[in-house]
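Just add 6 to the spot in the sequence shown (first one is 1) and you have my numbering. Ideal Cβ positions, reconstructed from N, Cα and C, are used throughout, including at glycine. It should be emphasised that the depicted structure is a prediction, and the values quoted were computed from it without experimental measurement. First up is the structure itself, then whatever we jot down about it.
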Amino acid sequence: MSSLWADCLNHLQSKVSSTDYSTWLRPLQASFSDGELTLYAQNQFVEKWVKDNFLNEIIDLARFLSKNEALIVTTRVGIRPNEKRVEATQNTQQDPATGTFKTGINPGQHFDNFVQGRSNQLAKAVSQQVVNELGQSHCNPLSLYANTGLGKTHLLHAIGNALLKKTPDLRILYIHSERFYRDILKAINTNSQEADKLKKFYRSLDVLMIDDIQFLADKPKVQEEFLHLLNALFDQGKQVILTSNVYPKNIEGIDPLIKSRLSCGISSTIEPPELETRVAILRKKAEERGVELLEDVAYLIGQKLRTHVRELEGALNSVIAWQTVTHRPITIDMAREVLRDRFAAYEQLITIENIQRVVADHYNIKLADIKSKSRTRTIARPRQIAMALAKELTNHSLPEIGREFGGRDHTTVMHACKTIAELRDTDTSIQEDYTLLTRKLSS
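This is the structure in structure tokens:
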């Protein structure tokens, strides 16, 4: 633990309640480097709670104790890299030209603890393919795209850990696009010697992984350097792996030349997990924290919350936090009580009417057309997609869905869902539309 964070905890213990201290602050891990204190939370819910309720006080306290008014305090979801583990797993290297660097790989995220389901099996498969066929042109670059909280970053770290286990001396860097942007901009705005040093560093890598490249949109100077870097790495047969929140070609504000480069490799999306996967994720996360989560409780949460993994983790964390405070067992009744507001908010967000409106807007048709008797293909296909989305994203029965679509029979809804499921496997445009609509409805 960082000695600065240990000092902070000593002061915080006397300022906050014992429950807040033991539930939210004491479990945080910390690292301190280059004037930046990083706090690691076990999941997004804890991170958000700490940021909303304690971060300002922590910043003031850390700056006072360190006598450094410029000190930065950041929060992350994950595990603080253990020093010995970092040396072995994160591949800290000393290079005469580029200096010491750490890979940025989270040693706790592997393929083994990535819960696989229909929604993410292809993304996991192509990620493993890259490990086995590193740098091959048919899988370079690898682009993973999905909404927030569906496992893109986990797969990046899993790839990195698998590669380092296979080839410990491999020069790998995982970096978020925001940090990449700051590095490049700093080099551009300083002297040419610094810029050359940074170029040498990035071009010396065997594997470059950049998370959330949509952050580079509308930043032409940085994009220009990024394009030069991509060309240099590809020319050397070095592997590039990227993630984004949408299909790379659909990112607005990105240079067409970059989009063209990214389209040469392989890409895969991750969709919101289906019920069985949601249940498996909940039970796996609970097991990792030493908590028994009964299957019926996991099914309740999984049925009510359908969009992304972080939402599930947040719900699970709320239940576990309540258990910690009240010492009550986690039951269905307890979960319903604790998550009542969360369930209600989700049901208000994703309704059949909202789905119909979003689909109609996407296909530029009238809302009335969705509910009409028209069998014109330009209307019938969007209607089928809306029905499939209603079945996947709401708790309504097939007859209830049918009634909202102009009084149709439940067998019509069943046929629509089957048709769209088949088309998603064979028609890339349908698959892309379905994924995009799911993201719009879940955001």
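Rounded to whole angstroms, the gap between the alpha carbons of Arg124 and Leu77 is 44 Å. The segment 331-342 and the segment 354-374 do not touch, with fewer than 3 CB-CB distances between them shorter than 8 Å.
The count of Cβ pairs closer than 8 Å, one atom from the segment 191-202 and one from the segment 138-145, stays below three, leaving the stretches out of contact. Apart from the 5 residues on each side of it in sequence, Pro147 sits with its Cβ closer than 7 Å to the Cβ of Val246, Ile247, Leu248, Leu268, Gly271 in its chain, given in chain order.
Within the model, the alpha-carbon separation for Asn62 versus Val132 is close to 42 Å. Here His182 is bridged, per DSSP, to Asp217. Excluding residues up to 5 positions away in sequence, Ile64, Leu67, Ala68, Leu71 lie with their Cβ nearer than 7 Å to the Cβ of Cys14 in the same chain. Fully contained in the segment 396-444 are the following alpha helix (DSSP H) runs of length 4 or more, in chain order: 404-410, 416-432. The criterion of a C-beta distance shorter than 8 Å is satisfied by Ile178 and Thr109. Counting the other Cβ atoms within 10 Å of the Cβ of Gln362 gives 16 or more, which makes it buried. In the structure shown, the three-state DSSP call for Ile287 is helix. Per the Cβ contact rule, the segment 150-164 is in contact with the segment 249-265 (3 or more Cβ pairs under 8 Å). If one requires a minimum length of 3 residues, the beta strand (DSSP E) runs lying completely within the segment 112-152 are 148-151, in chain order. For Leu43, the enclosing beta strand (DSSP E) starts and ends at 42-47. From the listed residues Leu263, Gly157, Asp218, Lys203, the smallest Cα separation to Pro226 is found for Leu263. The alpha-carbon of Leu345 is positioned some 13 Å away from that of Gln329. For Ala164, the enclosing alpha helix (DSSP H) starts and ends at 158-172. Annotated three-state conformation of Gln242 is coil, per DSSP. Annotated as distal: His421 and Gly408, with beta-carbon spacing of 8 Å or more. Going by C-alpha positions, Ala386 is about 15 Å away from Asp439. Note: Ser250 is bridge-paired with Tyr151 in the DSSP secondary-structure output. The Cβ-Cβ distance between Gln35 and Ile111 does not fall below 8 Å. The DSSP-derived three-state label of Ala76 is coil. When Asn126, Val137, Ile181 are compared, the shortest CA-CA separation from Thr173 is found for Val137. Taking a contact as a CB-CB distance under 8 Å, the pair Leu443 and Val365 counts as one, their CB atoms being some 6 Å apart. Taking 8 Å as the cut-off, the Cβ atoms of Lys57 and Thr29 do not count as close. Look at Val22 here: in three-state DSSP terms it is coil, with no helix or strand label.
In chain order, Leu300, Val303 place their CB closer than 8 Å to the CB of Thr337, counting only its own chain and leaving out the 5 sequence neighbours on each side. If you ignore the 5 residues before and after Thr425, its C-beta comes within less than 6 Å of the C-beta of Gln390, all in its own chain and listed in chain order. The residue among Ser24, Pro33, Glu42 with its C-alpha nearest the C-alpha of Leu10 is Glu42.
Taken in chain order, the complete alpha helix (DSSP H) segments of 4 residues or longer contained in the segment 358-399 are 358-368, 373-377, 383-399. According to DSSP, Ser37 shares a beta bridge with Thr44.
Rounded to the nearest angstrom, the Cβ distance from Gln50 to Arg316 is 5 Å, consistent with a contact under 8 Å.
Ranked by how close their Cα comes to the Cα of Asn74, the residues Asn323, His368, Phe38 have Phe38 in first place. For Ser28, there is no enclosing beta strand (DSSP E), as DSSP gives it neither H nor E. Here the C-alpha atom of Gln229 lies approximately 9 Å from the C-alpha atom of Tyr187.
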